[in-house]
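Participant:
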Amino acid sequence: MSDRFWQQAFAVARRDLDRERRSGEVFWVTIPFGAIALLLVPLAVGINQDVLTRIGTGMLFVVVMLFGVLTAVRRTSIETPEQRDAIALLGVDPVAEFTGKAAAGAVLLLGFELVMAAVALVLYGLDIGSWGWMLVVLPLTAVGLAELGTISGAIAASTDGGPALVPLLVTPLAIPLLLGATQTVSVERNGGNLAWLVLMTTVVLVLAIIGVATARPLQETR
Amino acid sequence: MSDATRSRLGPLDYAAVVAVLAALGYALASPRIESQGDAARMLFVHVPTIWLAYLAFAVTFIASIAYLVTNKLRWDHVAGASAEIGVVFTTVAIIGGMVWGKATWNVYWTWDARLTLTAIMLFVYVGYLALRRVIADPEVRARRSAVLGIIGLLQLIPVHFSVTWWRTLHQTNTFRPRDIQMDGPILAALLGSVAAFTVVYAALLRHRIRLEKLEHAARAAAAAPVGPVAGDAVTAPNVNRAGGQP
Numbered sequence: 001m002s003d004r005f006w007q008q009a010f011a012v013a014r015r016d017l018d019r020e021r022r023s024g025e026v027f028w029v030t031i032p033f034g035a036i037a038l039l040l041v042p043l044a045v046g047i048n049q050d051v052l053t054r055i056g057t058g059m060l061f062v063v064v065m066l067f068g069v070l071t072a073v074r075r076t077s078i079e080t081p082e083q084r085d086a087i088a089l090l091g092v093d094p095v096a097e098f099t100g101k102a103a104a105g106a107v108l109l110l111g112f113e114l115v116m117a118a119v120a121l122v123l124y125g126l127d128i129g130s131w132g133w134m135l136v137v138l139p140l141t142a143v144g145l146a147e148l149g150t151i152s153g154a155i156a157a158s159t160d161g162g163p164a165l166v167p168l169l170v171t172p173l174a175i176p177l178l179l180g181a182t183q184t185v186s187v188e189r190n191g192g193n194l195a196w197l198v199l200m201t202t203v204v205l206v207l208a209i210i211g212v213a214t215a216r217p218l219q220e221t222r
Numbered sequence: 223m224s225d226a227t228r229s230r231l232g233p234l235d236y237a238a239v240v241a242v243l244a245a246l247g248y249a250l251a252s253p254r255i256e257s258q259g260d261a262a263r264m265l266f267v268h269v270p271t272i273w274l275a276y277l278a279f280a281v282t283f284i285a286s287i288a289y290l291v292t293n294k295l296r297w298d299h300v301a302g303a304s305a306e307i308g309v310v311f312t313t314v315a316i317i318g319g320m321v322w323g324k325a326t327w328n329v330y331w332t333w334d335a336r337l338t339l340t341a342i343m344l345f346v347y348v349g350y351l352a353l354r355r356v357i358a359d360p361e362v363r364a365r366r367s368a369v370l371g372i373i374g375l376l377q378l379i380p381v382h383f384s385v386t387w388w389r390t391l392h393q394t395n396t397f398r399p400r401d402i403q404m405d406g407p408i409l410a411a412l413l414g415s416v417a418a419f420t421v422v423y424a425a426l427l428r429h430r431i432r433l434e435k436l437e438h439a440a441r442a443a444a445a446a447p448v449g450p451v452a453g454d455a456v457t458a459p460n461v462n463r464a465g466g467q468p
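So the sequence lines, in the order shown, correspond to chains L and P. Residues 1 to 222 (the working numbering) make up the first sequence, in order. Residues 223 to 468 (the working numbering) make up the second sequence, in order.
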């Protein structure tokens, strides 16, 4: 990878993060929305602290997955075809663009996850086997979801039902990440969680390979 | 109309019908499984349908790669056709499994890992088919759905290994080459059903590819520029409004 590649990837990531800094959509919309979801669950399933502590980790990752998709959807819908054409005409390497977008998405999702984890800890009292595992799982989940969101966003870009389609594309495909995350940090599997971490890492790597391999064909269809 | 788009039934279709009738007849005549009763005969439909779903999605995966490598639309037709058949057979497998579950576990649905993940796999490919419907341009649709067809296979991994990772209600994989725990006649009936349903898949795939080609030709014809239409020779009167004179 040349310096030019990384400069382009960095520029794309900075553009996406600047956009978030100006609009604050993750901070002002997605995070409060996720917090509301974590507040609603106990009202629906009953306010039994033991139950809430047991399901807390799972609920955290479900909220992360469902609301993390919102970030991907939003990024798909705000990029106009003209902007995408301009990026292609400027000669931006499609792989650098994928890398930059996924990196920016991962940063935003990691921030979202950290806030949600704090909210879930306060509301549910998370029953985590080891916080060390959690520190590994959160970034992996963020990277995996960001890769999926970036690929799905490119797949659904400029289509009539694009924003509506992305959640349907991302959510079922994120199941290996959800399973890996919840099983790695769950108390019951403490000791055998390395295998789940390997699953998560494999999924993240495979998605990275797919993202890199398909970046150019997807850019050509915009 | 070319041979490829002709709708008449071929030897493969007759072979599919005969194979399924023979396999199901043999399955009904096979010995009763004492522990589960006659409900266990669902095995001879349930296992082949889920096998076909795996096969169909694997074909979608391979055809998607082939399209991205060759840029030939016929691979996109294969991928789309196979995914559609896969969705149908996954649905049949889930419904068949629910009926079997009611007979053996006394519930239609249980939060078993295999059941849940199979249902999620269904939605991955429903999304794939939805994507194909919202993109009109054949090249764009082919390329984007090829990417999704490749990612979709990721879902097959947890589905297949779910019975090993979580030892829940669903039995472990039926075909384990080193550990076959099935009587000879039952195993033969099951393998016969799998083979017969595979022929059905091949016949359906052939017809669905033919329909994909017809749809493609119809869209191309609709998008083609039309010839001169009535009224083309009439031009609008030249009215010079700026000068106020006709």
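We put the CB at the ideal spot given by N, CA and C, even for glycine. What you are looking at is a predicted structure, and each value in this text was computed from that prediction instead of being measured.
#1: Rounded to the nearest angstrom, what separates Gly153 of chain L and Val166 of chain L at their Cα positions?
#2: Count Cβ pairs between the segment 40-56 of chain L and the segment 178-186 of chain L that sit closer than 8 Å; are there 3 or more?
#3: Below 8 Å on the Cβ atoms is my contact criterion, and I expect Ala9 of chain L with Gly100 of chain L to pass it. Report the Cβ-Cβ distance as a whole number of Å.
#4: Out of curiosity, what's the CA-to-CA distance linking Gly414 of chain P and Leu426 of chain P?
#5: What do you get for Trp133 of chain L, buried or exposed, if any count of 16 or more other CB atoms within 10 angstroms of its CB means buried?
#6: Use the C-beta contact count for Ile175 of chain L: other C-beta atoms within 10 angstroms, 16 or more gives buried, fewer gives exposed.
#7: Would you mind giving the Cβ-Cβ distance between Gly308 of chain P and Ala262 of chain P, rounded to the nearest angstrom? I have them listed as a contact below 8 Å.
#8: So Pro253 of chain P is in the alpha helix (DSSP H); what residue range does that whole segment cover?
#9: For Pro172 of chain L, count neighbouring Cβ atoms within 10 angstroms of its own Cβ and tell me buried if that reaches 16, exposed if not.
#10: So with CB distances below 9 Å, who are the chain P contacts of Ile210 of chain L?
#11: Taking CB distances under 8 Å as the criterion, tell me whether Leu70 of chain L reaches chain P.
#12: If you draw a straight line from the C-alpha of Trp273 of chain P to the C-alpha of Asn48 of chain L, how long is it?
#13: Do Leu145 of chain L and Thr201 of chain L have their CB atoms nearer than 8 Å?
#14: Please classify Tyr289 of chain P: is it buried, with 16 or more other beta-carbons within 10 angstroms of its beta-carbon, or exposed?
#15: Within 8 Å of any Cβ in chain P, is that where the Cβ of Gly161 of chain L sits?
#16: Less than 6 Å between C-beta atoms, sequence neighbours within five positions excluded: which residues of the same chain meet that for Gly466 of chain P?
#17: Return the CA-CA distance between Val62 of chain L and Arg14 of chain L, expressed in angstroms with no decimal places.
#18: Using a Cβ-Cβ cut-off of 8 Å, state whether Leu177 of chain L counts as contacting chain P.
#19: If I follow the unbroken alpha helix (DSSP H) through Gly161 of chain L, where does it start and stop?
#20: Roughly how many whole angstroms lie between the Cα atoms of Val64 of chain L and Met116 of chain L?
#21: Over the uninterrupted alpha helix (DSSP H) stretch that includes Val18 of chain L, give me the two end residues.
#22: By Cβ distance, which residues of its chain are closer than 8 Å to His438 of chain P, with the 5 residues on each side in sequence left out?
#23: DSSP has Thr128 of chain L in a bridge; who is on the other side?
#24: Might you give, ordered along the chain, the residues of its own chain that have their beta carbon closer than 6 Å to the beta carbon of Val381 of chain P, omitting 5 neighbours on each side?
#25: Identify the contact partners of Leu168 of chain L in chain P, using a Cβ-Cβ distance below 8 Å as the criterion.
#26: Select from L:Leu121, L:Val185, L:Val95, L:Leu169 the residue whose C-alpha is nearest the C-alpha of Arg137 of chain L.
#27: Identify the contact partners of Ile357 of chain P in chain L, using a Cβ-Cβ distance below 7 Å as the criterion.
#28: Rounding to the nearest angstrom, what Cα-Cα distance links Ala213 of chain L and Thr159 of chain L in this structure?
#29: Which chain L residues are close to Ile342 of chain P, counting only those with a beta carbon under 7 Å from its beta carbon?
#30: Going straight from the alpha carbon of Leu376 of chain P to that of Trp196 of chain L, what length do you get?
#31: Who are the near neighbours of Arg363 of chain P in its chain, counting only those whose CB is closer than 7 Å to its CB and skipping five residues on each side?
#32: Roughly how many whole angstroms lie between the Cα atoms of Val12 of chain L and Glu147 of chain L?
#33: Are the C-beta atoms of Gly466 of chain P and some chain L residue less than 8 Å apart?
#34: Give the secondary structure of Gly349 of chain P by DSSP, where H, G and I count as helix, E and B as strand, and everything else as coil.
#35: How about Gly323 of chain P and Thr332 of chain P: do their beta carbons lie closer than 8 Å?
#36: Please check if any C-beta of chain L sits within less than 8 Å of the C-beta of Val362 of chain P.
Facilitator: Taking the coordinates as given:
#1: As a first step, residue 153 of chain L is located in the first sequence; it is residue number 153 there, counting from the start. As a first step, residue 166 of chain L is located in the first sequence; it is residue number 166 there, counting from the start. Their Cα atoms are separated by approximately 7 Å.
#2: The answer is no - the segment 178-186 of chain L does not touch the segment 40-56 of chain L, with fewer than three Cβ pairs under 8 Å.
#3: Within the first sequence, residue 9 of chain L is the residue found at index 9, counting from 1. Within the first sequence, residue 100 of chain L is the residue found at index 100, counting from 1. Indeed they touch by this definition, with Cβ atoms about 4 Å apart.
#4: For this step, residue 414 of chain P is matched to residue 192 along the second sequence. For this step, residue 426 of chain P is matched to residue 204 along the second sequence. Each residue's Cα considered, the two are about 18 Å apart.
#5: As a first step, residue 133 of chain L is located in the first sequence; it is residue number 133 there, counting from the start. Its Cβ being crowded by 16 or more others within 10 Å, Trp133 of chain L is buried.
#6: Looking up residue 175 of chain L in the first sequence gives position 175. Flag for Ile175 of chain L reads buried.
#7: For the purposes of this step, residue 308 of chain P is taken as residue 86 along the second sequence, with counting starting at 1. For the purposes of this step, residue 262 of chain P is taken as residue 40 along the second sequence, with counting starting at 1. About 25 Å; that fails the 8 Å criterion.
#8: Reading the second sequence from its first residue, position 31 is the one you call residue 253 of chain P. In the DSSP assignment, Pro253 of chain P falls outside any alpha helix (DSSP H), carrying neither H nor E.
#9: Position 172 of the first sequence, counted from the start, is the residue given in the question as residue 172 of chain L. Buried, by the Cβ-count rule.
#10: In the first sequence, residue 210 of chain L corresponds to position 210, counting from 1. By Cβ distance, chain P contributes Val369, Ile372, Ile373, Leu376.
#11: Numbered from its first residue, the first sequence carries residue 70 of chain L at position 70. No, Leu70 of chain L does not count as interfacial toward chain P.
#12: The residue labelled residue 273 of chain P in the question sits at position 51 within the second sequence. The residue labelled residue 48 of chain L in the question sits at position 48 within the first sequence. About 43 Å.
#13: Start at 1 with the first residue of the first sequence, and residue 145 of chain L comes out as number 145. Start at 1 with the first residue of the first sequence, and residue 201 of chain L comes out as number 201. Contact flag unset, no.
#14: Position 67 of the second sequence, counted from the first residue, corresponds to residue 289 of chain P. The residue in question, Tyr289 of chain P, is buried, as its Cβ has 16 or more Cβ neighbours within 10 Å.
#15: Locating residue 161 of chain L in the first sequence gives position 161, where the first residue counts as 1. By this cut-off, Gly161 of chain L is an interface position.
#16: Your numbering for residue 466 of chain P matches position 244 in the second sequence. In this prediction, Gly466 of chain P scores a pLDDT of 48, lower than 50, which makes its location untrustworthy; no coordinate-derived value is stated.
#17: Along the first sequence, one-based indexing puts residue 62 of chain L at 62. Along the first sequence, one-based indexing puts residue 14 of chain L at 14. Rounded to whole angstroms, Val62 of chain L and Arg14 of chain L show a C-alpha spacing of 28 Å.
#18: Here residue 177 of chain L refers to the residue found at position 177 of the first sequence. Output row for Leu177 of chain L: interface = no.
#19: On the first sequence, position 161 is the one that residue 161 of chain L refers to. Premise fails: Gly161 of chain L is in no alpha helix (DSSP H) and is neither H nor E.
#20: As a first step, residue 64 of chain L is located in the first sequence; it is residue number 64 there, counting from the start. As a first step, residue 116 of chain L is located in the first sequence; it is residue number 116 there, counting from the start. Roughly 7 Å between the two C-alpha positions.
#21: Numbered from its first residue, the first sequence carries residue 18 of chain L at position 18. One point to set straight first is that residue 18 of chain L is Asp, not Val, in the sequence displayed. Here the alpha helix (DSSP H) through Asp18 of chain L covers 3-23.
#22: Within the second sequence, the letter at position 216 stands for residue 438 of chain P. The answer, listed in chain order, is Leu295, His299, Pro360.
#23: Position 128 of the first sequence, counted from the first residue, corresponds to residue 128 of chain L. Residue 128 of chain L is actually Ile in this sequence, not Thr. The partner list for Ile128 of chain L (beta bridge, DSSP) reads L:Ser186.
#24: Taking the first residue of the second sequence as position 1, residue 381 of chain P is located at position 159. Excluding residues within five positions, the ones whose Cβ falls inside 6 Å are Leu339, Thr340, Met343.
#25: Your numbering for residue 168 of chain L matches position 168 in the first sequence. Per Cβ cutoff of 8 Å: Phe345, Val348, Gly349, Ala352.
#26: Translated into positions along the first sequence, residue 137 of chain L becomes position 137. Correcting the residue type first, residue 137 of chain L is Val in the shown sequence and not Arg. Among L:Leu121, L:Val185, L:Val95, L:Leu169, the Cα nearest to that of Val137 of chain L is on L:Val185.
#27: Taking the first residue of the second sequence as position 1, residue 357 of chain P is located at position 135. What Ile357 of chain P touches in chain L: Thr159.
#28: Position 213 of the first sequence, counted from the first residue, corresponds to residue 213 of chain L. Position 159 of the first sequence, counted from the first residue, corresponds to residue 159 of chain L. C-alpha separation (whole angstroms): 22 Å.
#29: The count along the second sequence starts at 1 and reaches residue 342 of chain P at position 120. Going along chain L in sequence order, the residues near Ile342 of chain P (Cβ under 7 Å) are Pro172, Ile175.
#30: Locating residue 376 of chain P in the second sequence gives position 154, where the first residue counts as 1. Locating residue 196 of chain L in the first sequence gives position 196, where the first residue counts as 1. Taking the straight line from one Cα to the other gives about 15 Å.
#31: Sequence index remark: in the second sequence, residue 363 of chain P carries index 141 (1-based). The answer, listed in chain order, is Arg354, Ile357.
#32: Within the first sequence, the letter at position 12 stands for residue 12 of chain L. Within the first sequence, the letter at position 147 stands for residue 147 of chain L. Their Cα atoms are separated by approximately 15 Å.
#33: In the second sequence, the residue the question calls residue 466 of chain P occupies position 244. Residue confidence is low: Gly466 of chain P scores 48 on pLDDT, short of 50, so the model does not pin down where it sits. Its coordinate-derived value is still stated next. So, not an interface residue.
#34: Locating residue 349 of chain P in the second sequence gives position 127, counting from the first residue. It is helical.
#35: The residue labelled residue 323 of chain P in the question sits at position 101 within the second sequence. The residue labelled residue 332 of chain P in the question sits at position 110 within the second sequence. Yes, they are a contact pair.
#36: The sequence position of residue 362 of chain P within the second sequence is 140, counting from 1. Chain L contact via Cβ: present.
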